[in-house]
Amino acid sequence: MEHFYKLWSFLLVVLITAVSYAHQFYGYPYIQKINDFTLTDQNGKRVSLSDFRGKYLLVFFGYTYCPDVCPTSMLRIKETLEKLGKYKDKVHVLFISVDPERDTPELLKKFISFYDPDGRHITGLTGSPEEIKKVAKMFRAYYEKVPLKNNPEVGYLIDHTAFIYLIDKNGIMRLIFRPANDDPEKIAQDIIYVIKYFGE
Amino acid sequence: MRKIVGLFLIFFSISYSQPQIEIINPWVRAVPPNAKNTALFMIIKNSGDESDTLTAVKTDIAKMVMIHKTVNEDGVMKMVHVHQLKIPPHSTVELKPGGYHIMIMGLKEPVNVNSMLKFTLIFKKSGKINIKAPVKMK
Chain A
0 MEHFYKLWSF
10 LLVVLITAVS
20 YAHQFYGYPY
30 IQKINDFTLT
40 DQNGKRVSLS
50 DFRGKYLLVF
60 FGYTYCPDVC
70 PTSMLRIKET
80 LEKLGKYKDK
90 VHVLFISVDP
100 ERDTPELLKK
110 FISFYDPDGR
120 HITGLTGSPE
130 EIKKVAKMFR
140 AYYEKVPLKN
150 NPEVGYLIDH
160 TAFIYLIDKN
170 GIMRLIFRPA
180 NDDPEKIAQD
190 IIYVIKYFGE
Chain B
0 MRKIVGLFLI
10 FFSISYSQPQ
20 IEIINPWVRA
30 VPPNAKNTAL
40 FMIIKNSGDE
50 SDTLTAVKTD
60 IAKMVMIHKT
70 VNEDGVMKMV
80 HVHQLKIPPH
90 STVELKPGGY
100 HIMIMGLKEP
110 VNVNSMLKFT
120 LIFKKSGKIN
130 IKAPVKMK
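Structural data, given as structure tokens:
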């Protein structure tokens, strides 16, 4: 009987150790196939999601006139890329504009280059309002113009969801990071775990 | 005599109970050179016995400045215009990313990292407070 207890307590210790080693996701696990779509990049070139097959993608919906939320998220994304180490080149960022009327490819180019010093890790995407609407719908990203009174200079702001989506190398969404969960270190750890799990 | 002391105490308490405002760690967020908008953040400390209210912020670097609050409503980040920001006595109010902030709209020139930008905060009771805030990439 004593052996029985010893065995159980040993197994319990093994179990607890195993559980504590398992990865606790910081982001919200999610599985959704993202259908291919085509938008216009910062160079005016038409690019499709399928062009990025083989890369792990971080997708963010925002706009360049955004005063608080998007600059915060883009900085966190920049810091996340820096924390990926050798996995940095496996990851690419898509910044999709929810303000296609103002966000021209030229504007996007200057905007993303600020967060992508080597110019290889972030693509800015814009398109016609209909195209953007279709893509946003697939991600359940919401956005709505909010006119600013007595402010012709800015005209309007946009209320929008500010999630960062992680899509695997086969175009399947795996994790969603909420704006409150924006610790670059933890996001990077999640990404590295997913890359290791699904392969480089 | 008691009346005089009482009156004196009332007078004393009126003249000395007032807000005492201190601005801690103000900073402006670095944004891309073509960005039109950014935001100013800080901690406002009131160590006085009375509340004060931030009513306006002025600056030469942009066409318009407003007190705003970012609100997360079921995952949708909304900008709410705040007309006045009350600073209760013996308390601090933090203006930080994703919360209260001074929205700077229509930048006249690009803001460079580490440059110092001037602002005038206008409080209802404390009047004008001039500050210099560094531009930070954070």
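Read top to bottom, the protein sequences are chains A and B.
Positions 0 to 199 (numbering that gives the first Met the number 0) are the ones given, in order, by the first sequence.
Positions 0 to 137 (numbering that gives the first Met the number 0) are the ones given, in order, by the second sequence.
Using N, Cα and C, we set each Cβ at its ideal position, and we do this for glycine too.
Every value quoted in this text rests on a predicted model; they were computed, and no experiment measured them.
With DSSP as the reference, label residue i as helix, strand or coil.
i, result
"LYS136 (chain A)", "helix"
"ALA61 (chain B)", "strand"
"MET104 (chain B)", "strand"
"PHE51 (chain A)", "helix"
"THR103 (chain A)", "coil"
"GLN188 (chain A)", "helix"
"ARG173 (chain A)", "strand"
"TYR155 (chain A)", "strand"
"ILE111 (chain A)", "helix"
"TYR4 (chain A)", "helix"
"LYS85 (chain A)", "helix"
"GLU78 (chain A)", "helix"
"VAL145 (chain A)", "strand"
"LYS195 (chain A)", "helix"
"SER114 (chain B)", "coil"
"CYS65 (chain A)", "coil"
Roughly how far, in whole angstroms, is the beta-carbon of residue i from the beta-carbon of residue j, given that I think they are within contact range, below 8 Å?
i, j, result
"MET78 (chain B)", "ASP158 (chain A)", "7 Å"
"LEU53 (chain B)", "ALA132 (chain B)", "Going by Cβ atoms, the distance from LEU53 (chain B) to ALA132 (chain B) rounds to 15 Å, so no, they are not a contact pair."
"LYS82 (chain A)", "PRO183 (chain A)", "5 Å"
"ALA29 (chain B)", "MET136 (chain B)", "4 Å"
"THR125 (chain A)", "THR160 (chain A)", "Not quite, the Cβ-Cβ distance comes to about 18 Å (not below 8 Å), so this is no contact."
"LEU107 (chain A)", "THR63 (chain A)", "7 Å"
"ASN45 (chain B)", "ILE101 (chain B)", "ASN45 (chain B) to ILE101 (chain B), Cβ: 17 Å. No contact."
"ILE190 (chain A)", "LEU165 (chain A)", "6 Å"
"ILE130 (chain B)", "PRO25 (chain B)", "5 Å"
"LYS148 (chain A)", "TYR155 (chain A)", "The Cβ separation is near 10 Å, so there is no contact."
"ILE163 (chain A)", "LEU74 (chain A)", "The Cβ separation is near 12 Å, so there is no contact."
"TYR29 (chain A)", "ILE194 (chain A)", "Not really, about 17 Å apart at Cβ, beyond 8 Å."
"GLY123 (chain A)", "PHE113 (chain A)", "Contact doesn't hold; Cβ gap of about 11 Å is too wide."
"GLU228 (chain A)", "PRO128 (chain A)", "Summary: the structure shown does not reach residue 228 (chain A), with chain A confined to residues 0 through 199, and so no result is reported for it."
Let me check one thing: in DSSP terms, what residues is residue i bridge-paired to?
i, result
"GLU93 (chain B)", "B:ILE42"
"GLY128 (chain A)", "Note on residue identity: the sequence assigns Pro, not Gly, to residue 128 (chain A). PRO128 (chain A) pairs with nothing; no bridge assigned."
"ARG45 (chain A)", "A:THR39"
"ASN129 (chain B)", "B:THR119"
"VAL92 (chain A)", "A:LEU57 and A:ILE121"
"THR160 (chain A)", "B:VAL75"
"LEU165 (chain A)", "A:LEU57 and A:LEU174"
"TYR27 (chain A)", "A:ILE175"
"VAL134 (chain B)", "B:VAL27"
"LYS32 (chain A)", "A:ILE171"
"TYR99 (chain B)", "B:LYS68"
Tell me whether residue i counts as near the ligand GDP, meaning its Cβ is closer than 7 Å to at least one heavy atom of that ligand.
i, result
"ILE33 (chain A)", "Looking at this structure, you won't find the ligand GDP or any other ligand, since it has none at all."
Tell me which residues of the segment 44–75 of chain B have at least one Cβ-Cβ distance to chain A shorter than 7 Å, keeping chain order. LYS62, MET63, THR69, ASN71, GLY74 and VAL75
Please list the residues of the segment 92–119 of chain B that have a C-beta atom closer than 8 Å to any C-beta atom in chain A, keeping them in chain order. PRO96, GLY97, HIS100, MET102, ILE103, MET104 and GLY105
Residues from the segment 99–110 of chain A in contact with chain B, defined by Cβ distance under 8 Å: LEU106, LYS109 and PHE110
Beta strand (DSSP E) runs contained entirely in the segment 14–87 of chain B, provided each spans 3 or more residues: 20–28, 36–45, 51–57, 61–72, 75–80 and 84–86
Quick one, which residues of the segment 63–75 of chain A are near chain B if we go by CB-CB under 8 Å, in chain order? Correct list: THR63, TYR64, CYS65, PRO66, ASP67, VAL68, PRO70, THR71 and LEU74.
Between the segment 150–164 of chain A and chain B, which residues of the former have a C-beta closer than 8 Å to a C-beta of the latter? ASN150, GLU152, VAL153, LEU156, ASP158, HIS159, THR160, ALA161 and PHE162
In the segment 112–124 of chain A, which residues sit with their C-beta less than 9 Å from some C-beta in chain B, listed in chain order? SER112, PHE113 and TYR114
Any C-beta of chain B within less than 8 Å: which residues of the segment 167–182 of chain A qualify? ARG177, PRO178 and ALA179
Determine which residues of the segment 26–44 of chain B have a Cβ less than 7 Å from any Cβ of chain A, and write them out in chain order. ARG28, VAL30, PRO31, PRO32, ASN33, ALA34, LYS35, ASN36, THR37 and ALA38
Cβ-based contacts, 7 Å cut-off: residues of the segment 49–60 of chain A near chain B: none
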